[in-house]
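Read through the structure below, which is laid out as structure tokens, and then see the notes.
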Amino acid sequence: MELFNISQATRNETHLIIPAAAHYVIIIMYAMATVLSLSGNVLVIWVLTLGCRTRTDITDFLINLAVADLTMAIFCIPLTFTEALLQKWLFGEFLCPLVRFAQILSVSVSIYTLMTIGVDRYYAVCHPLKSRMGRSHSKILIAVIWMISYSVILHKSLEAEVICLEIGWPNSTYHEVYTLFLLLVTYVLPLLILTITYWNVGMKLWGRKPPGNVDKNREAQQDKSKRKVIKMLFIIVAVFALCWLPFHIFSVTYEFNPDVLPNDPMDITALYFFSHYLAMSHSFWNPLIYGFYNDNFRVSRKFPRFPLQPMAVRSSSREATQRSKSETKAGWNQDLILFSRYPVKEQVVYNNNTCI
Numbered sequence: 623m624e625l626f627n628i629s630q631a632t633r634n635e636t637h638l639i640i641p642a643a644a645h646y647v648i649i650i651m652y653a654m655a656t657v658l659s660l661s662g663n664v665l666v667i668w669v670l671t672l673g674c675r676t677r678t679d680i681t682d683f684l685i686n687l688a689v690a691d692l693t694m695a696i697f698c699i700p701l702t703f704t705e706a707l708l709q710k711w712l713f714g715e716f717l718c719p720l721v722r723f724a725q726i727l728s729v730s731v732s733i734y735t736l737m738t739i740g741v742d743r744y745y746a747v748c749h750p751l752k753s754r755m756g757r758s759h760s761k762i763l764i765a766v767i768w769m770i771s772y773s774v775i776l777h778k779s780l781e782a783e784v785i786c787l788e789i790g791w792p793n794s795t796y797h798e799v800y801t802l803f804l805l806l807v808t809y810v811l812p813l814l815i816l817t818i819t820y821w822n823v824g825m826k827l828w829g830r831k832p833p834g835n836v837d838k839n840r841e842a843q844q845d846k847s848k849r850k851v852i853k854m855l856f857i858i859v860a861v862f863a864l865c866w867l868p869f870h871i872f873s874v875t876y877e878f879n880p881d882v883l884p885n886d887p888m889d890i891t892a893l894y895f896f897s898h899y900l901a902m903s904h905s906f907w908n909p910l911i912y913g914f915y916n917d918n919f920r921v922s923r924k925f926p927r928f929p930l931q932p933m934a935v936r937s938s939s940r941e942a943t944q945r946s947k948s949e950t951k952a953g954w955n956q957d958l959i960l961f962s963r964y965p966v967k968e969q970v971v972y973n974n975n976t977c978i
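Following the working numbering, the numbering of the sequence shown begins with 623 at its first residue and continues without gaps.
Okay, structure coming up:
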């Protein structure tokens, strides 16, 4: 989380050395990350607000996740890397505290929304009768996410004075405790909750059987759908863990045992940019996983819900829906069990006309 702290401290104590050739590589990589994150999250917001024929409770969480990741793409990716690359702040004293605030807030909201989705899906799949939560409850949870994220920043502001490119802590102990606090509440705890919830969801889906007689083709389709969903659950946890792990290792090591880091400042620079880039890349992996991996999202992306939609498009949309329904009758749509919440006993859904 302390993206700017690390870059500043590294520059002050070891003097970042960035070869001229590396400048162009770093600029290209971060420019691509910014474009991917901006375009992907804008598309997710656009589709989920205009394209979904039927909204479900998780839609609000996905929009909130996209908004947080979009904020990361605006404030975290370009500004932090520009500051570290040029080794100076270019955007004025007024924007400095505002940018710092937006950076920590967006990262926290993104991570806590991801964690909330995991808990929400656990109850929707494993305890469906307890999962009848309306959109008003979803909005309350989203408000709680933002308040908790703000409390992380408030804790920092009470103990440290934020000056552009510098953090004035009373002593090193405060900063060490805060580093461990961030590691716990923004990585260890969310990763633990995601692992537990999605493991139980995967086990529940794998053991669930559709009602009635099942022929071989339908059973094969069901197994294929199960494998797809379980694969997606594994990807969600793995991407979060792998994207943020190097950055937390680097920040904790730099704070508590910097002697184990390379002596060459160029190597430290490479480690910083590598870990920071991986952490920021999580903002464009989220729309790929939660959006484009889901069949219903792709259908809604092709046929957005405009008030004055051309007749040909409406006809094509209806044909796609009917075709999707007929295809789903031959198999069991696990996507909807994971991405929607309309439980009736052990919910089995045969309708593919629902957006995430």
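Note that the Cβ used here is the ideal one computed from N, Cα and C, for glycine as well. Just so it is clear, the structure is predicted and the values come from calculations on it, not from any experiment.
Exercise. Since residue 882 is in the alpha helix (DSSP H), which residue starts that stretch and which ends it?
Worked result: First-last for residue 882: undefined, no H or E at that position.
Problem set entry | Contacts around residue 733, its chain only, beta-carbon distance under 6 angstroms, and the 5 residues preceding and following it disregarded | 808 and 812
Exercise. Based on Cα-Cα distance, which residue from 705, 796 and 859 lies nearest to residue 822?
Worked result: 859
Problem set entry | Segment contact, 8 angstroms Cβ cut-off, at least three pairs: the region 681–692 with the region 866–880 | no
For this session: Return the CA-CA distance between residue 767 and residue 640, expressed in angstroms with no decimal places.
Result: 38 angstroms
Exercise. Pairing CB atoms from the region 649–657 with CB atoms from the region 698–710, are three or more of them under 8 angstroms?
Worked result: With contact defined as three or more Cβ pairs closer than 8 angstroms, the region 649–657 and the region 698–710 are in contact.
For this session: Using three-state DSSP, classify residue 801 as helix, strand or coil.
Result: Here residue 801 sits in helix by DSSP.
Exercise. How big is the Cα-Cα spacing for residue 735 and residue 887?
Worked result: So the two alpha carbons sit approximately 36 angstroms from each other.
Exercise. Using DSSP with H/G/I as helix, E/B as strand and the rest coil, what is residue 712?
Worked result: coil
Problem set entry | Check whether residue 714 and residue 816 have beta carbons under 8 angstroms apart | no
Exercise. Taking the alpha carbon of residue 796 as the point to measure from, which residue in 825, 664, 877 and 667 has its own alpha carbon closest?
Worked result: 877
Problem set entry | Beta-carbon proximity check, residue 664 vs residue 692, cutoff 8 angstroms | yes
For this session: Rounded to whole angstroms, what's the CA-CA distance from residue 847 to residue 893? Just pull it up for me.
Result: Going from the Cα of residue 847 to the Cα of residue 893 covers about 40 angstroms.
Exercise. What does a CB cutoff of less than 7 angstroms around residue 884 pick up in its chain, not counting 5 residues either side in sequence?
Worked result: 890
Problem set entry | For residue 665, the first and last residue of its enclosing alpha helix (DSSP H) | 642–668
Exercise. Residue 898 by DSSP, collapsed to three states: which one?
Worked result: Residue 898: helix per DSSP, three-state reduction.
For this session: Between the Cα of residue 904 and those of 881, 769, 861 and 895, spot the shortest distance and give me the residue it belongs to.
Result: 861
Problem set entry | Closest by C-alpha distance to residue 806, when choosing among 856, 839, 794 and 730 | 730
For this session: Have a look at residue 773 and residue 727 and give me their C-alpha separation to the nearest angstrom.
Result: 9 angstroms
For this session: In angstroms with no decimal places, state the Cα-to-Cα distance between residue 769 and residue 826.
Result: Near 32 angstroms, if we compare the C-alpha coordinates of residue 826 and residue 769.
Exercise. Could you give the distance in angstroms between the alpha-carbon of residue 855 and the alpha-carbon of residue 803?
Worked result: 27 angstroms
Problem set entry | Nonlocal neighbours in the same chain, by C-beta distance under 6 angstroms from residue 900, ignoring five residues either side | Close CB contacts of residue 900 within its chain, under the 6 angstroms cut and outside five residues either way in sequence, are with 865 and 868 (chain order).
Exercise. Using a Cβ-Cβ cut-off of 8 angstroms (strictly less than) and excluding sequence neighbours within five positions of residue 906, which residues of its own chain qualify?
Worked result: 655, 658, 659, 662, 663, 691 and 695
Exercise. Using the beta-carbon count (16 or more within 10 Å), is residue 849 buried or exposed?
Worked result: exposed
For this session: Below 7 angstroms CB to CB, which residues in the same chain sit around residue 882 once its five sequence neighbours on both sides are set aside?
Result: 875
Problem set entry | Reference residue 707, options 642, 742, 747 and 764, closest by Cα | Ranking the options by Cα distance to residue 707, first place goes to 642.
Exercise. Can you list, in chain order, the residues of its chain whose CB lies under 7 angstroms from that of residue 953, leaving out five sequence neighbours each side?
Worked result: Here residue 953 scores only 40 on pLDDT, less than 50, and its place in the model is too uncertain to base an answer on.
Problem set entry | Within-8 angstroms CB hit, residue 849 to chain B | Reference to chain B is not applicable here, since this structure consists of a single protein chain.
For this session: Let me know the secondary structure DSSP gives residue 759 once reduced to three states.
Result: helix
Exercise. Excluding the five sequence neighbours on either side, which residues of its own chain have a C-beta within less than 8 angstroms of the C-beta of residue 910, listed in chain order?
Worked result: Closer than 8 angstroms at the Cβ level, and outside the excluded window around residue 910, lie 662.
For this session: Quick one: grab the DSSP three-state call for residue 749.
Result: coil
For this session: Note down the Cα distance separating residue 718 from residue 801, rounded to an integer number of angstroms.
Result: 21 angstroms
Exercise. Residue 896 and residue 648 look like a contact to me (Cβ under 8 angstroms); what is the Cβ gap, rounded to whole Å?
Worked result: Rounded, the Cβ-Cβ distance is 10 angstroms, inconsistent with contact.
For this session: Measure from the alpha carbon of residue 720 to the alpha carbon of each residue in 879, 775 and 798, then state which is nearest.
Result: 775
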